[in-house]
Amino acid sequence: MVQDPLHRPQGNAVPDRTSRSAAGRGVRAARGHAPKTTRPWLWALLLAVAVATSSAAALALPTVLATAVDQALSAGAGHGLLPVATVLGVLSGAEILAQYAGPRATAETTARLRAALVRHVMHLGPHADARRTTGDLVARLTASAGEAGLSVQAAVYAVAQLAMAAGSVVALGLLAPELAAAFLVAAPAGWLLLRRHLRRTVSRGEGYQSAQAAVAARLLDALAGHRTIAAAGTVEREIERVLAPLPELGRHGRALWDSQRRVAWSTGLLAPATQITVMAVAGYELSTGSLGPGGLVAALGYATLGLGGFGTAQSLLDLARARAGRRRVQEVLAVPRQPPGLRGLTPGPGRVEMRDITVRTPQGTVLDGLDLVLPARRCVALVGRSGAGTSLLAAVAGGLRAPDRGVVSLDGVPLDEIRPADLRATVSYAFSDPELTGAKVLDALRAAAAGLPEERVHAATRSAQADAFVRRLPNGYDTPLADAPLSGGQRQRLGLARALARDGRLLILDDATSSLDSATEAAVLRALDGSYGDRTRLVVTRRAATAARADLVAWLADGRVAALAPHRELWRLPAYRALFDNLEDADD
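Residue numbers for the sequence shown follow the numbering used here, beginning at 703 and rising by one.
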């Protein structure tokens, strides 16, 4: 007869099929396959219109039913059915639209949050916020953003349910003031209970999401080091470490379910009690003749709709969860991001100047007022003890990490003033453990420079001593990456080839030859000095032989450059020789 105001898509800790499909659309949107709409607010607007129309039709339905009952009793069956059918049709159509628009609005909101989070984290770079582990970021991207996506749908339903409850009380008052008074006797108790449980839900929701992030972070760490764990025979101990946050996760999860259970239990008792009270008063009014049969039907309908105020509990719970999720997303988005530069990069030889460079991490100051100049078209080896910050300085030199203080310039232009596209085009990186992306091997070598001719790619691959093993793959350069079993050294050589293939003026090798044998490394370094000798090269290394081939060696210690000189001169210093003994022992 009258629509149950509590009936709407519910936000649960375990998503149903509708919410899973919405979340799936959110994931696809974050990957660049967003729902096809140029107006991201469209679904939220359609949801608001549909819910408002549905609420208005629901409020009109008891009055229309009352009129139809009175007409049927006075004039016979069939009278007043057309208005009832019309209102029911509008109500059904609006509900269908709301059921479709709600998940789409949630998906749009989730997709925008996830896209903003991914974009922000990628622009921050790998060293910008060391407090966030990979697992923590993954949990915020998936779980927290998904929770935050509920905000639009929950807010629309909460406002509509409150408005419908208020309209129902007014309608009861118009029928008979005693009916409104009877309804309001029990309502305040329900609201007091809801307010208490909502406060608990906010704090428990944040704790639950934090515990999820802890499990995800430990699991990702374990997966990354699974070979070491297996070799050390510490699998059981690692399982215990990964699952250690589960008791806290369970405690917060049970508390969340307990809050929802208490809300459902409280409203489950208060709703029938309120409805019985209203109907008792309506029955009395009917017996005295103050209310007709149609008025009794209307009173029953408005009493049911008025209970929608209790139904707001689920919407407010969803809002509480959404607020907790949005807060976790905003914590990452609040990390300041370096504004992009606007200057173009004029031609130059590749001279890099780093002045008064200071970089701080949560563990302390790593680089402290450092000065270093990389001469144009020369090779500088960067060495230091473990933890000295060599990789961090390499990231600063190429603009992957902005220093907390100081200026880095390339041919006289500060890196933070250069357009990002120009900077990335002129600085090439090769890492110790490169990520290879793309469908095929050739795509991985052309990453970020898709227009490179194959001849140039092949030349770079030969210089990196990778051409021979690539041609032995089933389809050579066209072999899918997924079908190309690569060792650590082969991955390094492909990473080197990718960096060499690009036409830049600064080449940074961050321990990028550590997995190569001595003969292969020597061949790669000869190619760097020959075919690519017109580039400025910064080589982070742990090997004395590699440092010996460089024009200069920058010795990093205590956050500064302790010395800048050729390797043969520094080799006279016992502390310098001991440095390589320690590095090579650690490397072995």
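Built from N, CA and C at the ideal position, the CB exists for glycine as well.
Check, Outcome
"Can you list, in chain order, the stretches of the beta strand (DSSP E) that have 3 or more residues and sit fully within the region 1113-1159?", "1129-1133"
"Hey, out of E942, A746, C1081, whose CA is closest to I1210's CA?", "C1081"
"Should L676 go down as buried or exposed, given a rule of 16 or more other Cβ atoms within 10 Å for buried?", "The structure shown does not extend to residue 676, since the chain is modelled only from 703 to 1290, so the question has no answer here."
"Per DSSP, what kind of secondary structure is R1279 in: helix, strand or coil?", "helix"
"Can L1076 and T1238 be called in contact, C-beta distance under 7 Å?", "yes"
"By the DSSP assignment, the alpha helix (DSSP H) with D1185 in it spans what residues?", "Careful: D1185 lies outside any alpha helix (DSSP H) and carries neither H nor E."
"Taking buried to mean at least 16 other C-beta atoms within 10 Å of its own C-beta, is G1089 buried or exposed?", "exposed"
"Within the chosen definition, does the region 838-858 reach the region 1026-1037 through at least 3 CB pairs nearer than 8 Å?", "yes"
"To which residues does DSSP link E987 through a beta bridge?", "DSSP output for E987 lists no bridge partner at all."
"Give the single residue among A957, L784, L1144 whose Cα lies nearest to the Cα of G1178.", "L1144"
"Under a three-way DSSP split, which group does A1078 fall into?", "coil"
"Are the CB atoms of L761 and G869 nearer to each other than 7 Å?", "yes"
"Just grab the DSSP bridge partners of V676 for me.", "With the chain covering 703 to 1290 only, the question about residue 676 has no answer from this structure."
"With a threshold of 16 other CB atoms inside 10 Å of the CB of Q1194, please say whether the residue is buried or exposed.", "buried"
"I want to know whether the region 1165-1185 touches the region 1103-1119 - three or more CB-CB distances under 8 Å.", "no"
"Hey, how far is the Cα of V858 from the Cα of L877?", "28 Å"
"Keeping to the same chain, check which residues put their C-beta closer than 6 Å to that of V1083; ignore five residues upstream and five downstream.", "With the sequence shown as reference, residue 1083 is identified as Ala, and Val is not the correct amino acid for it. Excluding positions up to five away in sequence, the list reads V1241, T1243, A1249, A1252, V1255."
"Going by C-alpha distance, which of L819, A1161, A758, A1001 is nearest L793?", "A758"
"Output needed for P1136: all residues of its chain with C-beta closer than 8 Å, excluding positions within five of it in sequence on either side, in chain order.", "R1193, Q1194, L1196, G1197, R1200, A1214"
"DSSP puts I1210 in a beta bridge; with which residues?", "Y1131, L1240"
"Can you look up R1204 in the DSSP assignment and give me helix, strand or coil?", "coil"
"So which of I931, A873, Q914, S1134 has the shortest CA-CA distance to R953?", "Q914"
"Tell me whether M1056 is buried or exposed, calling it buried when 16 or more other Cβ atoms sit within 10 Å of its Cβ.", "buried"
"State the CB to CB distance for the pair A1005 and Q977, rounded to an integer number of angstroms; the pair is presumed to be in contact (CB under 8 Å).", "5 Å"
"Please list, in chain order, all residues of the same chain as G1191 whose beta carbon is under 6 Å from its beta carbon, the five residues on each side excluded.", "S1217, L1218"
"Between A787 and the ligand ZN, is there a pair consisting of the residue's CB and a ligand heavy atom that are separated by less than 6 Å?", "Inclusion of the ligand ZN in the displayed structure is not the case, the ligand content being empty and no account of it being possible."
"Excluding five sequence neighbours on each side, which residues of the same chain lie with their C-beta closer than 7 Å to the C-beta of G1206?", "A1127, T1128, V1129, S1130, R1237"
"Taking 7 Å as the cut-off, decide whether the C-beta atoms of G1140 and A1132 are in contact.", "no"
"Using a Cβ-Cβ cut-off of 8 Å (strictly less than) and excluding sequence neighbours within five positions of A1247, which residues of its own chain qualify?", "S1220, E1223, A1224"
"Can you tell me whether DSSP reads V944 as helix, strand or coil?", "helix"
"Between which two residues does the alpha helix (DSSP H) containing A1252 stretch?", "Neither: A1252 is in no alpha helix (DSSP H) and is coded neither H nor E."
"Let me know the secondary structure DSSP gives G1089 once reduced to three states.", "coil"
"In angstroms with no decimal places, state the Cα-to-Cα distance between R1228 and D1212.", "17 Å"
"DSSP state of R1039, grouped into three classes?", "coil"
"What first and last residue would you give for the beta strand (DSSP E) that runs through R1262?", "1262-1267"
"Spell out the partners DSSP gives I1059 in its beta bridges.", "L1072"
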